[in-house]
Every structure is written in structure tokens, then in C-alpha cells.
Amino acid sequence: MWGGMKAYTPQLLLVNIFRGTYLLPSATQQVNKFMQHPQPELSDIRKKNLSNDQRVIYEQITQSAFICQKARGALYQIFCSLDETLGKTILIPAFHCPTVVQPAVLAGYKIQFYKINEDLSIDTDEVNNMINADTAAIVVIQYFGFSFKSDAFKETASINNCIIIEDWSHSFLQTSPLRLAGSNNSIATYSFWKIIPCVVGGGFINRTSKILNSTNYLKQSSTIENIKINKRIIESFINNSNSETLKNALAKFESFRKKRVTNSVNSSDNEKISPKETIEADHYPIEPSFFAKDLPLLSNALLYRADLELIARKRRENFNTYLELTSGINLITPYFSMLPDDVCPWAFPIVLENRNQFDFKLRKEGVPFFTFGEQLHPLVSDIKLISPEARKISQYLSNSTLCLSAHQKLNRQEIEISLDKAKSILG
Ligand SMILES: Cc1ncc(COP(=O)(O)O)c(C=O)c1O
Numbered sequence: 001m002w003g004g005m006k007a008y009t010p011q012l013l014l015v016n017i018f019r020g021t022y023l024l025p026s027a028t029q030q031v032n033k034f035m036q037h038p039q040p041e042l043s044d045i046r047k048k049n050l051s052n053d054q055r056v057i058y059e060q061i062t063q064s065a066f067i068c069q070k071a072r073g074a075l076y077q078i079f080c081s082l083d084e085t086l087g088k089t090i091l092i093p094a095f096h097c098p099t100v101v102q103p104a105v106l107a108g109y110k111i112q113f114y115k116i117n118e119d120l121s122i123d124t125d126e127v128n129n130m131i132n133a134d135t136a137a138i139v140v141i142q143y144f145g146f147s148f149k150s151d152a153f154k155e156t157a158s159i160n161n162c163i164i165i166e167d168w169s170h171s172f173l174q175t176s177p178l179r180l181a182g183s184n185n186s187i188a189t190y191s192f193w194k195i196i197p198c199v200v201g202g203g204f205i206n207r208t209s210k211i212l213n214s215t216n217y218l219k220q221s222s223t224i225e226n227i228k229i230n231k232r233i234i235e236s237f238i239n240n241s242n243s244e245t246l247k248n249a250l251a252k253f254e255s256f257r258k259k260r261v262t263n264s265v266n267s268s269d270n271e272k273i274s275p276k277e278t279i280e281a282d283h284y285p286i287e288p289s290f291f292a293k294d295l296p297l298l299s300n301a302l303l304y305r306a307d308l309e310l311i312a313r314k315r316r317e318n319f320n321t322y323l324e325l326t327s328g329i330n331l332i333t334p335y336f337s338m339l340p341d342d343v344c345p346w347a348f349p350i351v352l353e354n355r356n357q358f359d360f361k362l363r364k365e366g367v368p369f370f371t372f373g374e375q376l377h378p379l380v381s382d383i384k385l386i387s388p389e390a391r392k393i394s395q396y397l398s399n400s401t402l403c404l405s406a407h408q409k410l411n412r413q414e415i416e417i418s419l420d421k422a423k424s425i426l427g
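This note's numbering puts the first residue of the sequence shown at 1, with every later residue one more than the last.
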């Protein structure tokens, strides 16, 4: 699990920027197919007959979106491309993933955090009071793929020349009809790899009339990094296949490779890093390659061959199964008591106070879940940047949010079993 917020310093953030590692399981680790980020299987890359709605989405992505390897790269590109006549401050929700904040910091902006209420809604009065001529942009996180409207501060934003960035990283899809998420007159950011098994993939679309500075601030992805990602995708194909021979061969190759790497690290003093740095770096990676443009060959193929219709339908089905099976269970309090027609959910988030007393037991029993906002950006502890109330609530949300997986490959029976386990652990 990630460490607590207090243990996280700006220095460690920098360490992570340069030493981060991918969150994919290595070939020898057990593959959990319900992970936060879906892992590719060979069948995911087969060509499919896509519906018209899906073709429109893919056309929009190829023709209008800026594509890079992660949503944090897209955010960085946006912040660096904002017109210099705009203000110098970015407003960010107090409850967030640090990867939303760090790109703005790296792009040289001041940060102000605005309050998110306990039900994840925005304190729009606070936002209206915070926006002024120095506000370049406000980031609105669309938590778990639910639409959080900015209507209540649209006018103030427009008067102050402040751009609204809708962060749709949790789910880039909306349904009824199936479409690329986001509303008019805003910039929408996406993290494709959260619901499509493409391993990397993020981007943004600018639907405002404002022209972004066309200079690209992201670097071209390196061939070595691309080879590494393609290799991991192939490993995932093998680990998710039925061939024990291939799996064994891969495991042997991995253990041979690891031994060689360990030997060469041991023989070089320069390579030594302190255990603390290693742990932190593994838990919160932001590395330069995440700010790379374009996708590796296999990620690209996986992105454009995903059956979006099926993914959205299965995720909605799973969310509704959780709603049905958890109704009346006092121990489990969902954030959302219904699923609006237009939502393709990232997860089924619940409020679980003192989550850290239970999460390791749930994990041990194989209950598929992940956390969001467990670690807040270190700037949240700066009293000049956030109100006491906003900090208090964001810390509460940070400690109490648990996301039950709505992964498209999960079925009803598996959800029933995991909820039974969760009940006995929480009870
Ligand atoms: C709201 C939000 N935006 C952006 C990101 C960053 O996405 P990526 O991993 O594609 O950089 C995250 C990561 O979880 C997130 O939760």
C-alpha cells in the first residue's frame, strides 16, 4: 500500500520523477486480472467489428486528441500550452491523485486547492470566491466517471478568462449514446489505460474556442522505453494465456534476467539507493517517460481494437450488481446510490472509515479493490493553499475511500463471492 500523506515530501516526489517504475506485474508475479489497470490478453488485440458510435470515438481520438502515454503528460502539455496572458494559478480539488497536481507545479504554476464535500460534490461557493484574474484554469475531476457539473462557476470562470479542464481520467467514456466524455467549452483529459488494457495511453481534447500554444512540451518517447512496454504487453499475453509451457519459459527467463541485473547492481556502488527511496519510488511513480508523446506499437493496436461498447456495458452491469447486492448492508456505504444512464464507471467506490484496518485483510482474501486519493500531494499541508475545512474533508476522504473493482472481465458470481468475503471481514 502507499504510505501516508505525512511521509511524502517534495524531495521524494523528485526521487519518484527520476526513479519510478511501472505498476505492471513482472512476468513472475501472479497476474490479477481485476487490477486497477486492465492487463492485456491476446484476444484484446484481435480486430473486431466496431459499431458506428465506436468508430466516431476512434475518429475523434485520431483527429482531434493530443495523445501521449499518461493523463499526467496530457495535463503537463495543457499547463505548458496555456496562453501567457492568462493568470498564474491553477485551482485543483483538495481530494485528488497527486499526478493531477504535479504537472501544474512542474509547469511553474501556483496551486490553490478547493473544497470537495464528503459526497464528492464541489463546494461551488468556495470555487466562485476563489476564481479571480490570476486564475488560469480550474481542474474538475470527474470522480469514477460520474459527471460533476461546472455550471455553478462557469460564468465566474468566463468573466475571469479562466479555462475549465474536465479531468475524465477515471473513465474516458460516457454512455447513452456511447461517446468520448466531456462537455462543450472545456478541455477534457483522458487516461485510456485505466479501462482499456493498452498499458499506456492518455490524452486530451480541447473543446474551447481558446487556442493552445502549439509548441509540444512533451518529449518523443524513447525507443528503449517503447521496447520495454511492448515486452511487458507480450509478457501479459503469455501470463494470461492457457499455455503453461510458455508461462514456465517466461518465468525462467525472468529469474535469469533478474539474477543478472542483481549481480550488476551489487557490483556497482553508484547504483545503490537507500531502501526508503526504493519503497517510495515503487509506490508513486512519476517518471520522465510518462511525459512521452505517442504510444508504443502494441499499446496503439490495443487502444484502437478495444470493444468500447462491451467494456461500458460490462462495467455498468458490474456497478449495478454491487448496488443490488450491497443494498441493506450497513457495513458498506456506496458513494453513489444509483448509476445515471450516461456513466461508464471506473469502480464501485465505498466509504470505509479506518480503511487501513481492513484493506490488507480484503487484499489477502482476494477481494478485488484499489484505492484512490490515498496519498494527497504534499502541498496540501501548506496552510496558505487550502482552507482548514477543505483539508480536513480531503484527509477524511483519503483515509476512507475504497474502490471495489468494476472491471469488465469480472462477473456476477465473482462479485457475490468477494462481497461475502468483504462482509465477513468488515463485520
Ligand atoms: C483524477 C486523475 N487524473 C489523472 C490521473 C493520472 O492518470 P495517468 O496515470 O494516466 O497519468 C489520475 C491517476 O489515477 C487520476 O486519478
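Positions of the beta carbon are idealized from the N, C-alpha and C atoms, including for glycine.
Compare the beta carbon distance of Phe-146 and Val-343 with 8 Å and say whether it is the shorter of the two.
yes
Tell me which residues share the same chain as Ile-229 and place their Cβ nearer than 7 Å to its Cβ, disregarding the 5 neighbours each side in the sequence.
Val-199, Val-200, Pro-296, Ser-299
Helix, strand or coil: which one does DSSP assign to Ala-497?
Because the chain spans 1 through 427 in this model, residue 497 falls outside it and cannot be assessed.
DSSP three-state call for Cys-198: helix, strand or coil?
Here Cys-198 sits in coil by DSSP.
Mind checking whether Ala-390 and Phe-113 have CB atoms under 8 Å apart?
yes
Give me the Cβ distance between Ser-176 and Tyr-190, rounded to the nearest whole Å; I'm assuming they're in contact under 8 Å.
The Cβ separation is near 19 Å, so there is no contact.
Quick one: using the 10 Å Cβ neighbour count with 16 as the cut-off for buried, is Leu-410 buried or exposed?
buried
Rounded to whole angstroms, how far is the Cβ of Asp-44 from the Cβ of Ala-406, which I believe are closer than 8 Å?
About 18 Å; that fails the 8 Å criterion.
Buried or exposed for Thr-85, going by 16 or more other Cβ atoms inside 10 Å?
exposed
In angstroms with no decimal places, state the Cα-to-Cα distance between Tyr-109 and Pro-93.
In a straight line, the C-alpha of Tyr-109 is about 15 Å away from that of Pro-93.
Once the 5 residues before and after Ile-116 are set aside, which same chain residues still bring their CB inside 6 Å of it?
Pro-93, Ala-94, Phe-95
Quick check on Asp-428: buried or exposed, where buried means 16 or more other Cβ atoms within 10 Å of its Cβ?
This structure gives no information on residue 428, because the portion of the chain shown stretches from 1 to 427.
Taking Cys-68 as part of the beta strand (DSSP E), name the residues at either end of that continuous run.
66-68
Exposed or buried, which one is Gly-203 when buried takes at least 16 other CB atoms within 10 Å?
buried
How would you label Ala-249, buried or exposed, when you count the other beta carbons within 10 angstroms and need 16 or more for buried?
exposed
Taking only the alpha-carbon atoms, compute the straight-line gap between Ile-141 and Lys-259 and give it to the nearest angstrom.
43 Å
Assign Lys-194 to one of two classes, buried (16 or more other C-beta atoms within 10 Å of its C-beta) or exposed (fewer than that).
buried
Taking DSSP as the reference, what is the three-state secondary structure of Asn-117?
coil
Could you tell me which uninterrupted beta strand (DSSP E) segments, each at least 3 residues in length, are contained entirely in the segment 295-356, listed from first to last along the chain?
347-351
Using the C-alpha atoms, what's the distance from Cys-97 back to Ser-126?
Looking at the sequence itself, residue 126 is Glu, so the reference to Ser does not match. Rounded to whole angstroms, Glu-126 to Cys-97 spans 21 Å at the Cα level.
Below 8 Å, how does it come out for the segment 51-59 and the segment 336-356: are there three or more Cβ pairs, yes or no?
Per the Cβ contact rule, the segment 51-59 is not in contact with the segment 336-356 (fewer than 3 Cβ pairs under 8 Å).
Any heavy atom of ligand 1 closer than 7 Å to the CB of His-170?
True, at least one ligand heavy atom lies under 7 Å from that Cβ.
Can you give the Cα-Cα distance for Leu-180 and Glu-324, rounded to whole angstroms?
28 Å
Let me make sure I understand the geometry here. Which of Glu-118, Asn-52, Gly-73 has the alpha-carbon closest to that of Ile-393?
When each option's Cα is compared against that of Ile-393, the closest is Glu-118.
Would you call the CB atoms of Asn-132 and Asn-160 closer than 8 Å?
Yes, the pair counts as a contact, with Cβ atoms nearer than the cut-off.
Within 10 angstroms of the Cβ of Met-338, are there 16 or more other Cβ atoms? Answer buried if so, exposed if not.
exposed
What is the rounded straight-line gap between the Cα of Leu-178 and the Cα of Phe-253?
42 Å
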